[in-house]
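Asker: Quick one: the structure is below, questions incoming.
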Amino acid sequence: MYLVLLGPPGAGKGTQAAILARKQKLAHISTGDMLRDAVKDGSDLGLKARQYMDRGELVPDDVVVGITRERLQAPDARRGFVLDGFPRTAAQAEKLDEILVDLDMQLQMIVNLEVPERELIRRLTGRRVCPKCAKSYHLVFNPPRSLGICDECGNDLVQRDDDKESTVRQRLEVYHKQTEPLVQYYSESGLLFTIDGIGSVQQVNERLEDLLE
Ligand code: ADP
Ligand code: AMP
Numbered sequence: 000m001y002l003v004l005l006g007p008p009g010a011g012k013g014t015q016a017a018i019l020a021r022k023q024k025l026a027h028i029s030t031g032d033m034l035r036d037a038v039k040d041g042s043d044l045g046l047k048a049r050q051y052m053d054r055g056e057l058v059p060d061d062v063v064v065g066i067t068r069e070r071l072q073a074p075d076a077r078r079g080f081v082l083d084g085f086p087r088t089a090a091q092a093e094k095l096d097e098i099l100v101d102l103d104m105q106l107q108m109i110v111n112l113e114v115p116e117r118e119l120i121r122r123l124t125g126r127r128v129c130p131k132c133a134k135s136y137h138l139v140f141n142p143p144r145s146l147g148i149c150d151e152c153g154n155d156l157v158q159r160d161d162d163k164e165s166t167v168r169q170r171l172e173v174y175h176k177q178t179e180p181l182v183q184y185y186s187e188s189g190l191l192f193t194i195d196g197i198g199s200v201q202q203v204n205e206r207l208e209d210l211l212e
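Residue numbers for the sequence shown follow numbering that gives the first Met the number 0, so the first one is 0 and each next one is one higher.
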């Protein structure tokens, strides 16, 4: 299965992609996670990406397309993937189409997670993440078993720099300008499905799995 999860920051793409990837043995490809890894490594790519990420802006298309192209060529991606956070611009969506043609792969579905803005802000400002395994939690809506500690690897959870309220508002603006138009782009392909992202993590997961069936 080749799948794209679309939606604003905080909609639950990463949370749902991780569950799907585990249950359906798909490669979870998150450009945000790949970029944060590059920042952590201090690579040239990371240094470049960081300036944009800290401001809540999008990293230039050529950079993101390059890392995604490379990742899609790995054998686990060929067996099935869920893309989380890519594409985010019309140019990225067009490039993705080209890459998939080159790799002889075809998207089966694009799922748009819909969540109202007020809720997105509450989700993003309360998000805590594990810097080691990238698992995402929420202080209130999706807390770890023990306060401030990752269930999976026991690491201390942190708040992402770009989850501060001022950066969150900038990211939502960028979403409306640059990413939301992709809903129209994909609705023309006939592969777009929208689901309600409100409800518990499990409820949203059930909606997603019903749709995939
Ligand atoms: P995205 O990858 O779309 O930016 P995340 O999956 O990281 O979003 O989720 C954003 C925040 O909302 C996280 O703190 C996560 O724990 C929380 N969250 C995810 N799904 C739900 C849900 N269904 N209800 C409430 N909070 C959720
Ligand atoms: P995310 O983890 O998906 O919320 O992404 C965090 C940040 O990484 C974004 O605010 C962007 O700066 C950058 N980023 C992630 N994916 C992309 C993408 N597809 N295109 C451009 N920038 C991206």
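Here a beta-carbon is modelled for each residue, glycine too, at the ideal position from N, C-alpha and C.
Examine the ligand ADP and report whether any of its heavy atoms sits within less than 7 Å of the Cβ of ASN111.
Answerer: Outside the cutoff, so no.
Asker: Could you check if PRO180 belongs to the surroundings of the ligand AMP, using beta carbon to heavy atom distance under 7 Å?
Answerer: No, since every heavy atom of the ligand AMP falls outside the 7 Å radius drawn around the Cβ of PRO180.
Asker: Could you work out which residue in LEU25, TYR51, GLU212 is closest to GLY79 when comparing CA atoms only?
Answerer: Considering only alpha carbons, the answer is LEU25.
Asker: Take ASP60 and list the residues in its own chain whose beta-carbon comes closer than 8 Å to its own, dropping the five residues that flank it on each side.
Answerer: So the list reads THR88, ALA90, GLN91, LYS94, once near-sequence residues are dropped.
Asker: On the three-state DSSP scale, how would you describe THR124?
Answerer: Looking at THR124 - three-state DSSP - the assignment turns out to be helix.
Asker: Considering only heavy atoms of the ligand ADP, does any lie closer than 7 Å to the CB of VAL200?
Answerer: VAL200: yes, Cβ under 7 Å from the ligand ADP.
Asker: How many Å lie between LEU19 and LEU210 at the Cα?
Answerer: Their backbone Cα atoms lie some 12 Å apart in a straight line.
Asker: Quick check: what's the CA-CA separation for PHE140 versus GLU172?
Answerer: Between PHE140 and GLU172, the C-alpha separation is close to 24 Å.
Asker: According to DSSP, is VAL218 part of a helix, a strand, or is it coil?
Answerer: In this structure the chain extends from 0 to 212, so residue 218 is not present and cannot be described.
Asker: Spatial neighbours of HIS137 within its chain, please: CB distance less than 8 Å, with the 5 preceding and 5 following residues excluded, ordered by chain position.
Answerer: Hits under 8 Å: ARG122, GLY125, ARG126, ARG127.
Asker: Give the DSSP-derived three-state secondary structure of ALA10 in the structure shown.
Answerer: Coil at ALA10, not helix or strand.
Asker: Cα-Cα, which of SER165, ASP101, GLU151 is closest to ARG54?
Answerer: The option with the nearest alpha carbon to ARG54 is SER165.
Asker: Does DSSP put LEU44 in a helix, in a strand, or in coil?
Answerer: Here LEU44 sits in helix by DSSP.
Asker: How big is the Cα-Cα spacing for MET0 and THR178?
Answerer: Near 23 Å, if we compare the C-alpha coordinates of THR178 and MET0.
Asker: Can you list, in chain order, the residues of its chain whose CB lies under 7 Å from that of GLY31, leaving out five sequence neighbours each side?
Answerer: Cβ within range, chain order: GLY84.
Asker: Classify THR67 as helix, strand or coil using the three-state DSSP reduction.
Answerer: Residue state, collapsed to three classes: helix.
Asker: Using DSSP with H/G/I as helix, E/B as strand and the rest coil, what is MET33?
Answerer: Looking at MET33 - three-state DSSP - the assignment turns out to be helix.
Asker: In whole angstroms, what separates the C-alpha of CYS132 from that of ASP155?
Answerer: Their Cα atoms are separated by approximately 11 Å.
Asker: Is the number of C-beta pairs between the region 36-50 and the region 103-115 that are closer than 8 Å three or more?
Answerer: Contact between the region 36-50 and the region 103-115 is absent, because fewer than three Cβ pairs lie under 8 Å.
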